[in-house]
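Q:
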Amino acid sequence: MSKAPSIWEWILDFFWPTRCAFCGEMIAPNKSCCTQCRQKLTPCPPLTLTCLDACFVFTDYSLDVSHAVHRFKFQNHPQLAKLFARMICDRFGTELLDLHPDCICGVPMHPKKKFKRGYNQADLLAKEMARLLNIPFVPLLEKTSNTKEQHTLSAAQRQQNLIGVFQTAMPEKVCGKHILIVDDVITTGATLNECALALRASDAQWVGGVAFAHPILPPKQSETSSSAKNPEA
Ligand SMILES: [Zn+2]
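The numbering of the sequence shown is our numbering, which starts it at 23 and goes up by one.
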């Protein structure tokens, strides 16, 4: 449970009000999300991806969720990693720990893209989950090619775009291990599948995926022009 805000927090909040990460309404300074939005988040059923042993997703990629993810990735709100990780761990923490992961890593970003954005949101989410679950965060993967943005491509092209672009940075830490890969959003699953293939090439024993959101219904073609609605950017 979050502690009550201090007087200083209330004063700061008067000038710079805290807003709900999802709907943007003003909320108490010690909160990140309003009660209505928290209740509205639709749970996402477990996904089956060909190269993963298990895959957990917290919520449907609804319009409000897409706004929050857009703030996280494109509007310099890296602190949202704490909220998303806490939501994921509150729901799946026990289940994830029962799978005995040896470590947790984020989907890597090409260094040029990371430099441009200033952070890799998947790594921030993975680090925060590692802290909450008390599992080591290890940056096991690297992306060797600065590929086209996934959201500009069809499902088949997305798969093709990523073939062979991930590799294990520390194969000795992968062999025989149970590994959790974290991403903010799963769309087609092409990214997590390719990451899992790279880990399996280094003899990982078990590979699971975790994400904050996934569109339960596939996005309409007409909705694929803005990055807010195109999560794999
Ligand atoms: Zn809200």
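For glycine and all other residues, C-beta sits at the position ideal for the given N, C-alpha and C.
What you are looking at is a predicted structure, and each value in this text was computed from that prediction instead of being measured.
On the DSSP letters alone, give me the boundaries of the alpha helix (DSSP H) that Leu154 sits inside.
A: 143-155
Q: First and last residue of the alpha helix (DSSP H) that includes Val91?
A: 85-96
Q: By Cβ distance, which residues of its chain are closer than 6 Å to Ala212, with the 5 residues on each side in sequence left out?
A: Arg180, Gln181, Leu184
Q: Would Val87 pass as a contact of Leu69 if the rule is Cβ separation under 9 Å?
A: It is not a contact, given that the beta carbons lie outside the stated cut-off.
Q: Return the first residue and the last residue of the beta strand (DSSP E) that Glu164 is part of.
A: 163-165
Q: Comparing the CB of Asp120 with every heavy atom of ligand 1, is any distance shorter than 8 Å?
A: No; taking the cut-off as 8 Å, the Cβ of Asp120 has no heavy atom of ligand 1 nearer than that.
Q: Using a Cβ-based criterion (distance less than 8 Å to any ligand heavy atom), does Asp145 qualify as near ligand 1?
A: no
Q: Does the distance between the C-beta of Gln58 and the nearest non-hydrogen atom of ligand 1 fall short of 8 Å?
A: yes
Q: For Phe44, which of helix, strand or coil comes out of DSSP?
A: Correct three-state label for Phe44: coil.
Q: Taking just the CA atoms, how far does Lys199 sit from Ala144?
A: 20 Å
Q: Which residue from Leu74, Arg93, Val129, Ile157 puts its Cα closest to that of His122?
A: Ile157
Q: Classify Cys55: buried if its beta carbon has 16 or more other beta carbons within 10 angstroms, exposed otherwise.
A: buried
Q: Figure out for me which residue from Met192, Leu239, Ala235, Cys217 has the closest Cα to the Cα of Lys75.
A: The sequence shown places Asp at residue 75, not Lys. Nearest option by C-alpha distance: Cys217.
Q: Which two residues bound the contiguous alpha helix (DSSP H) that contains Ile256?
A: Within the shown structure, residues of the chain are numbered from 23 to 255, placing residue 256 beyond reach of any answer.
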